[in-house]
Structure formats: structure tokens, C-alpha cells
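K.L.:
Protein chains in written order, with the numbering used here: chain X, 182 to 414; chain L, 182 to 414. Note that the Cβ used here is the ideal one computed from N, Cα and C, for glycine as well.
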DNA sequence: TATTATGAATGATATAAAACAATAATATCT
DNA sequence: AGATATTATTGTTTTATATCATTCATAATA
């Protein structure tokens, strides 16, 4: 579905303040980035990128919410992140094998802005600050992946679920009280457990007074306890 | 222990052909890289980098073998790679928080060459090809981490051990017949299982005629079968 | 409003893999 | 070479977690 142009998104110049990476660029460089740029609105559930297809664009969501996930064996997904506006993605394939290495799909109706990777490459060769910032961006993803590896391989379910709740609260909903717009299945995909286990442990947390739970509505009552659970194995 | 200078390693100019990243550099850029560069020999078991300390250097092994691993909870390690000569490392911290995010220790006596990160940064700003190559290097690590995440979270022990055997054969020993210089404990750290499980499954593979096993000596008899095991969950 | 889908909750059972324990085989040191 | 430490093997038990099965609740649709 095509999006009507609005005065908030006519060109990169007008929305560059939204992403730290773009604020490093000159007008001329922004003009390059803006060339062939397009924006598309996705309905809930639709794929924004599909793992395995050609990676031709660096993408940024300007509105809505999406999930980034690895497609594993037997339709089992591992969710990497929930993506909110101004977070840049496109992944490691952009500079290696020109394939997307994960899928991204819309959790709510989502507008996404597509910037051609050729233009990104042009600018990165013109602007060393931008090149360094991209390298930093890539490195930060590397650090996150290390944390994920340790969390998923060395913590058991309670710790992993605590990690998810803290992530949702701190990084996504910016509140200790939030209304989930993801399913138990998806909570399981974030913490590598079945939906049944996710349900069960949420209930346990409620019984232990750590959270207040009303299906989709979650209230973190004891954040220190969650942090302690997160630290245990 | 300091290493005597030899005619094979007086400066980066003389060993630049060893690493694809260095072949992109001009003499002047190599001279910058070579400034304050030093080489140290580590004994078996010694730390080359220690997770959590300041990351000040990009490092390359010129001789020997080392292991790169994440230190997790309760002294439980997760080995990321075995490092052999000319593989560059230093990790995601070099461009983010200036901390090493993993440890590297010598499996055999190992010589390592330390290049100041300030010099790397200087050169990356001078040479867009090098900048792009570093970004590619970082991205490739990202791809490997995705594969690792899926392998460790979605495969069970037989599949994970098959992955390790194939990795050792293809990437490290370059033969289907090799003499391990790592312990069962370390095989466990590569595949996220206990040393007892590693022993047991190696034995099972032997009984199934997939490998020939004599403690440290391993012979892959049925590589297709290992690949098939690797694909299953 | 009745009727399907879809998601959530809960219980019973099965199983992969860790933890524990003990012995056997190597390697290292004196 | 003998003594000690490290590593490998093997068996038994325990536990975390998946799987299966069913009911309940909520949302979408006719």
C-alpha cells in the first residue's frame, strides 16, 4: 500500500534529526540518500523484509512497530528485536552476500522508508564520520548478539523471561506498565521457549508478586527482583 | 615473553599479503599501522585478551592457535571460534565502549601482533576501501552469530556436535583426519553441552560408524551423515 | 446473535540433557 | 620411574523444559 506523502516526510533533509546516523550527513549527502528513496505502509502481519531475499535497501520505520526475527528450523522463529521508529536495519547482508539474514514483519500497521544500499555505500565512501558510525552501529549489534547468546544458552526460563520483560519495559514501551501487542507465542520466540512455558512463568511471576498480569496488560511490580532473576542462570 | 624479531615480521609491509584487509593499504597507511605495533609470544593457557578490559588494540595471530570465548555465568564459557594465523580480532568493543567483549587465550604457544586502535581509526578515515572492508568484516561476524544462535538454540546435542566436527575439519585442521589439541571440556564449550555429553556423543558417533575415534585423534568417516545431522534440529 | 477462528491457560506425560559420582587413562612434575 | 594432577569415560539420578491434550476466553466473521 502506497503512502500519501505528508509534510513530515518529503525528504531525508526533513527527518534527518530523527536518526543519529543521518545527522552526520551534509545536504549533498542527504540528497544522495534521498534519491530513489521510497516509503511503504505495511499491514499487520505483512513482511517488510524476508530472510533469504536480496538485500537492496537499508530500512527505517517511521511509524508503527515491527518484529525482527530469525527463521530457524521447522518454522521455529527466534525474535531478535522489536523495531520502533528511527531504528535503522537491513542487516549484515548489506555488506557481505547481499541477502537479508532475518525477516522483519509488521506488528501494527507500519510505515517503512527504504534507502538504496548503493546510495548508502556512496555516502559512506564520501564521509568518514558516517563510515565510522556505521561500523559502530554494526559493532553494537555484535555486542547485543553476545548478550543474547549468553542469555539464551546459559540462563533458564525464568531468567530469560525476566530479560524479555525488562527489555519490553525499558526499550520498547518506556514504562513499567504496558499493554502488550505481541502474543504469548511471540514472547516465547523472544526467550526461546514454548508459548505454554511463557504463559506458565508469567503466571508464576504474578503469584510471586513480581508482576501484575491481566492477559495483555503487564505491570512490573518488582523490577529489582526481575533484575536479580535475569542475573541468575 | 618478548619475541625476537625475525625477518618474517619486521613490519606490516612485509606481512601485509597475509591478511586481505591489509592488502588494501598503501605504504604510507601500512607505516601508520606499523607505528607502535608490537608482537608478544604467549604460553599455552595464557590470556591474550581478557573480557571486560580496555580494548586498545586490533590483534592478529602470526603463529599458533588460540580460542575466543565468552565468559558467561558461573565460570561457564561459550567458545566462539578457534583463532589461527592472520585472522584479525579485537571485537565489537573497538568501536563502541572500548572494552573487550570476549576473552582469547592461547591453546598452543602463540605469537600475536598488536596494532593500536587509534592507528586503525586513522587509516579507516583515510581509506574508504579499508573502511568498507572493516564493515564487511564486522558484518560477517554478525552473520556467523546468527548461525550460532540458531545452532545453539534450535539444534540438539547431536546436531551441535556435528557442527563442531565439521567446523574443526573444514575451518581449522583442513582435513577429515585430525589430532585434536582441545579437550572434551572445550568441545563442550563450543557446542554448549557438558564435557560428559561431548564424550558420550562422540562415542555414539563412533559406534554408528560416522567417525573413528582414538581419544584425541578423530577421523570423519561419513561427512554427509554429519551434514545431515547438522541440518536436523 | 450465533459461529468460527485464534489465542490463553492449565494439567499430564515424555524426554533431552545436566548433575552427580566413580573409575580409568593420560599427562605432568619431581 | 614413581607420584600427582588433569582429562576422559561410563553409569545413575535428577531436572528443566518440550510435547500433547483439553478447556477457557476473546476476537473476528457470517
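Who are the Cβ neighbours of residue 350(L) in its own chain at under 8 Å, not counting the five residues just before and after it?
P.N.:
Taken in chain order, the residues that qualify are 356, 357, 359, 401, 404.
K.L.:
Span of the alpha helix (DSSP H) holding residue 318(X)?
P.N.:
It spans 309-335 - the alpha helix (DSSP H) in which residue 318(X) sits, taken as one unbroken run.
K.L.:
I'd like to know if residue 253(L) contacts chain X, where contact means its C-beta is closer than 8 Å to some C-beta of that chain.
P.N.:
By this cut-off, residue 253(L) is an interface position.
K.L.:
With distances taken between CB atoms, is the gap from residue 362(X) to residue 289(X) smaller than 8 Å?
P.N.:
Against a cut-off of 8 Å, the Cβ pair of residue 289(X) and residue 362(X) comes out as a contact.
K.L.:
Identify whether residue 363(X) lies in helix, strand or coil by the three-state DSSP scheme.
P.N.:
In this structure, residue 363(X) counts as coil in the three-state DSSP scheme.
K.L.:
If you measure between the beta carbons of residue 407(L) and residue 347(L), is that distance less than 8 Å?
P.N.:
Yes, the pair counts as a contact, with Cβ atoms nearer than the cut-off.
K.L.:
For the alpha helix (DSSP H) holding residue 209(X), just list the boundary residues, first then last.
P.N.:
Taken as a continuous stretch (DSSP letters only), the alpha helix (DSSP H) holding residue 209(X) covers 208-215.
K.L.:
What first and last residue would you give for the alpha helix (DSSP H) that runs through residue 385(L)?
P.N.:
First-last of the alpha helix (DSSP H) with residue 385(L): 376-388.
K.L.:
How many Å lie between residue 304(X) and residue 214(X) at the Cα?
P.N.:
So the two alpha carbons sit approximately 8 Å from each other.
K.L.:
Starting from residue 319(X), find everything on chain L with Cβ-Cβ shorter than 7 Å and list it in chain order.
P.N.:
Ordered by position in chain L, the residues that pass the 7 Å Cβ test against residue 319(X) are 316, 319, 320, 323.
K.L.:
Taking 8 Å as the limit between beta carbons, can you name the residues of its chain near residue 311(X), skipping five residues before and five after?
P.N.:
Cβ neighbours of residue 311(X) beyond the five flanking positions: 202, 205, 206, 210, 304, 305.
K.L.:
Taking only the alpha-carbon atoms, compute the straight-line gap between residue 241(X) and residue 318(X) and give it to the nearest angstrom.
P.N.:
So the alpha carbons of these two residues sit roughly 14 Å apart.
K.L.:
For a contact meaning CB atoms closer than 8 Å, what does residue 334(X) contact in chain L?
P.N.:
Near residue 334(X) (Cβ distances below 8 Å), the residues of chain L are 253, 259, 333, 334, 373.
K.L.:
Any C-beta of chain L sitting closer than 8 Å to the C-beta of residue 201(X)?
P.N.:
It does not; no Cβ of chain L falls within 8 Å.
K.L.:
Tell me which residue opens and which closes the alpha helix (DSSP H) that residue 412(L) is part of.
P.N.:
Residues 404-412.
K.L.:
Could you please give the first and the last residue of the uninterrupted alpha helix (DSSP H) stretch that includes residue 342(L)?
P.N.:
Run containing residue 342(L): 338-348, per the alpha helix (DSSP H) assignment.
K.L.:
What is the rounded straight-line gap between the Cα of residue 330(X) and the Cα of residue 326(L)?
P.N.:
The straight-line gap from Cα to Cα measures roughly 8 Å.
K.L.:
Examine the Cβ distances between the segment 255-262 of chain X and the segment 284-300 of chain L and report whether three or more of them are shorter than 8 Å.
P.N.:
No, the segment 255-262 of chain X is not in contact with the segment 284-300 of chain L.
K.L.:
Near residue 193(L), which residues of its chain fall below 6 Å by C-beta distance, leaving aside the five closest residues on each side in sequence?
P.N.:
Excluding positions up to five away in sequence, the list reads 211, 214, 215.
K.L.:
Taking the C-alpha atoms as reference points, what is the distance between residue 315(X) and residue 220(L)?
P.N.:
Whole-angstrom Cα-Cα distance: 30 Å.
K.L.:
Less than 8 Å between the beta carbons of residue 277(X) and residue 247(X), yes or no?
P.N.:
Going by C-beta atoms, residue 277(X) is not nearer than 8 Å to residue 247(X).
K.L.:
Is there contact between the segment 259-271 of chain L and the segment 375-387 of chain L, where contact requires at least three CB pairs shorter than 8 Å?
P.N.:
Touching, no.
K.L.:
Given this structure, state the Cα-to-Cα distance separating residue 281(L) from residue 275(L), to the nearest angstrom.
P.N.:
Between residue 281(L) and residue 275(L), the C-alpha separation is close to 7 Å.
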